[in-house]
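Reviewing the structure listed below.
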Amino acid sequence: MSKDSMNLEVLASRAGFNSAVRHMNKTIEIAGTLGGNTNLGDLLYEKGDENLSGERGALLLHMLLVDKLGYKTVSSNLASTVSDVPALADQFEKWKAVDLIAAYHHPDLGLLIANPKSAEELANFGMIRKRELIVIYAGKGGAPSDAICEKAAELAVALFETGKVKVPAEILKGAFVTKKLKKTAEPEERPARKPKAAKAGKPAKAAKASRGRSPQAAPEPRAQEEPVSARIAAPAVTAAAPAITKGPVRMTPMYSVVVANELFHNGNVEAWKRIIASYNAKYPDLLVFIYYEGERIMDINALFKWGKVKHGSAIQFAVSGNDIKDVAKLQRYLVQGASHQFEAFLHGPVNNVLKLFG
399 MSKDSMNLEV LASRAGFNSA VRHMNKTIEI AGTLGGNTNL GDLLYEKGDE
449 NLSGERGALL LHMLLVDKLG YKTVSSNLAS TVSDVPALAD QFEKWKAVDL
499 IAAYHHPDLG LLIANPKSAE ELANFGMIRK RELIVIYAGK GGAPSDAICE
549 KAAELAVALF ETGKVKVPAE ILKGAFVTKK LKKTAEPEER PARKPKAAKA
599 GKPAKAAKAS RGRSPQAAPE PRAQEEPVSA RIAAPAVTAA APAITKGPVR
649 MTPMYSVVVA NELFHNGNVE AWKRIIASYN AKYPDLLVFI YYEGERIMDI
699 NALFKWGKVK HGSAIQFAVS GNDIKDVAKL QRYLVQGASH QFEAFLHGPV
749 NNVLKLFG
């Protein structure tokens, strides 16, 4: 089967076809606003649409920036770790001759897109580790790209790697200035009006007949008709669905938890599992990532099976999502769970979810 035919398989189902149409409509809408001094990273950040991230975001970058506007691109697996990414925005903001977009291939969150001149957007990158991939797009909006754009893209990668570069004067003068971001506000949901209940002992008033028309005869009453409330079963009450939040997904910095117990054994593992389950129950839209020695831990049980997470070892964690909360409280509980006081989290039924976060 050819590659083109495989790419068209998504159109074989109604859901896939509708998803493709929505993506094309959004792409056309964004393409109409690009050109001039509009930055694609700003547009995506303001829209806060998760459907325009990941692989679709990569398609958007290539189609609009490379194919349509002819932007220059430079990619690199960074030679060093970048700890304070937002601080770079102070230097990028001075590069007024070019429009810049940075695309970071996060190992856990996928493709993240930002205007590097905005510290608010760069904060979503978190910490960029050594050998991770970053791509810089440099152009001049609707104007043709030139050698200055190529040079700016190369210097941008160097700035990410070293934190300091010598910038030529021609890159500092221009009209591509940073604009204030305006997040898309979600419309407020108004509760539906409740129908007025008929007064006890009085039948509801019939609709008034219009002039010139004879009123229709009232329908004959049905014998012993059950009330509507008795015929329609009440829906089962379940946990409320999480509210749909807008905004780009970001990840917090890495937080360290030092193992205070003589060994991070099975009891500590179970305590951590319960703590994280409680956090996920309170914030279902947020994800907790666990790392040990720079490697992501997909199964917390592996920390016990290895048998090498001993007293004084540091386990790291980070949280990703849109509206991140209670990270300090989560860290405090994880520190306790990694100590000899882990038993405080093991009380109650096995499948019981602790209410640690309110």
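To convert, count from 1 in the sequence shown and add 398; that's the working numbering.
Yeah, the Cβ is synthetic: ideal placement off N, Cα and C, and Gly gets one too.
(request) Tell me the start and end of each unbroken alpha helix (DSSP H) in the region 646-728 that is at least 4 residues and wholly inside, in chain order. (result) 664-680, 699-704
(message) Please classify Gln-739 as buried or exposed, where buried requires at least 16 other C-beta atoms within 10 Å of its C-beta.
(response) Gln-739 should be labelled exposed.
(message) Can you tell me whether Asp-497 is helix, strand or coil according to DSSP?
(response) Asp-497 falls in the strand class under three-state DSSP.
(request) Please state if the CB of Gly-439 and the CB of Ile-499 are separated by a distance shorter than 7 Å. (result) yes
(request) Check Ser-474 in the structure and name its three-state DSSP category. (result) strand
(request) Please state if the CB of Lys-671 and the CB of Ile-713 are separated by a distance shorter than 7 Å. (result) Result no, Cβ atoms of Ile-713 and Lys-671 do not sit closer than 7 Å.
(request) Determine the contact status of Ile-428 and Ala-495, defining contact as a CB-CB distance below 7 Å. (result) No, they are not a contact pair.
(message) My assumption, with CB atoms under 8 Å, is that Met-525 sits in contact with Val-480. Please give the rounded CB distance.
(response) 7 Å
(message) Mapping the DSSP letters down to three states, classify Leu-442 as helix, strand or coil.
(response) helix
(request) State the Cα-Cα distance for the pair Phe-755 and Val-655, rounded to the nearest angstrom. (result) 19 Å
(message) Among His-709, Thr-431, Ile-688, whose alpha-carbon lies nearest the alpha-carbon of Ala-700?
(response) Ile-688
(message) If you measure between the beta carbons of Glu-559 and Leu-486, is that distance less than 7 Å?
(response) Cβ atoms of Glu-559 and Leu-486: not closer than 7 Å.
(request) Give the DSSP-derived three-state secondary structure of Leu-507 in the structure shown. (result) coil
(message) So the candidates are Gly-468, Glu-530, Val-464, Lys-445; which of them puts its Cα closest to the Cα of Ser-478?
(response) Glu-530
(message) Ala-551 and Ile-532 - do their beta-carbons sit closer together than 7 Å?
(response) no
(request) Look at the Cβ atom of Asn-666, then the Cβ atom of Ala-736, and state whether they are nearer than 7 Å. (result) Yes; because the gap between Cβ atoms is below 7 Å, this pair is in contact.
(message) Please return the same chain residues whose Cβ sits closer than 8 Å to the Cβ of Val-725, not counting the five positions on each side in sequence.
(response) Short of 8 Å from the beta carbon of Val-725, and not among the five residues preceding or following it, lie these beta carbons of its own chain, in chain order: Thr-650, Tyr-653, Val-717.
(message) List, from N- to C-terminal side, the alpha helix (DSSP H) runs of 4 residues or more that fit wholly inside the region 525-567.
(response) If we require 4 residues or more, the alpha helix (DSSP H) runs fully inside the region 525-567 come out as 545-560.
(message) Between which residues of its own chain and Gly-468 is the CB-CB distance below 8 Å, once the five residues before and five after are set aside?
(response) Gly-537, Pro-542, Ser-543
(request) Can you check DSSP and say which residues form a bridge with Val-757? (result) Absent from the model: residue 757. The displayed extent of the chain is 399 to 756, so no value can be given.
(request) State yes or no: is the C-beta of Ala-456 within less than 7 Å of the C-beta of Leu-409? (result) Cβ atoms of Ala-456 and Leu-409: not closer than 7 Å.
(message) At the level of alpha carbons, what is the spacing between Leu-579 and Leu-685?
(response) Answer to the nearest angstrom: the Cα atoms are 26 Å apart.
(request) Mind reading off the beta-carbon distance from Leu-557 to Gln-489? Whole number of angstroms is fine, and I expect it under 8 Å. (result) Contact between Leu-557 and Gln-489 holds, since their C-beta atoms are separated by about 6 Å, short of 8 Å.
(request) With hydrogens ignored, establish whether the beta-carbon of Lys-424 is closer than 6 Å to any heavy atom of the ligand ZN. (result) As presented, the structure is devoid of all ligands, the ligand ZN included, so that no description of it is given.
(message) Checking the sheet assignment: what are the DSSP bridge partners for Ala-429?
(response) Answer is none; Ala-429 lacks a bridge partner.
(request) Over the uninterrupted alpha helix (DSSP H) stretch that includes Ala-736, give me the two end residues. (result) Looking at the DSSP string, Ala-736 is not in any alpha helix (DSSP H), and its letter there is neither H nor E.
(message) Buried or exposed, going by whether 16 or more other CB atoms sit within 10 Å of the CB of Lys-515?
(response) buried
(message) Using C-beta distances below 7 Å, list every residue in its chain close to Lys-723, excluding the 5 sequence neighbours before and after it, in chain order.
(response) Tyr-681
(message) If you follow the alpha helix (DSSP H) that Glu-518 is in, where does it begin and where does it stop?
(response) 517-520
(message) Here's the rule I'm using: 16 or more other beta-carbon atoms within 10 Å means buried, otherwise exposed. How should Phe-415 be labelled?
(response) exposed
(request) Specify the secondary structure class of Ile-642 as computed by DSSP and reduced to three states. (result) Residue placement at Ile-642 is flagged as unreliable, the pLDDT there being 41, under the threshold of 50; the coordinate-derived value follows with that caveat. Correct three-state label for Ile-642: coil.
(request) Assign Gly-540 to one of two classes, buried (16 or more other C-beta atoms within 10 Å of its C-beta) or exposed (fewer than that). (result) exposed
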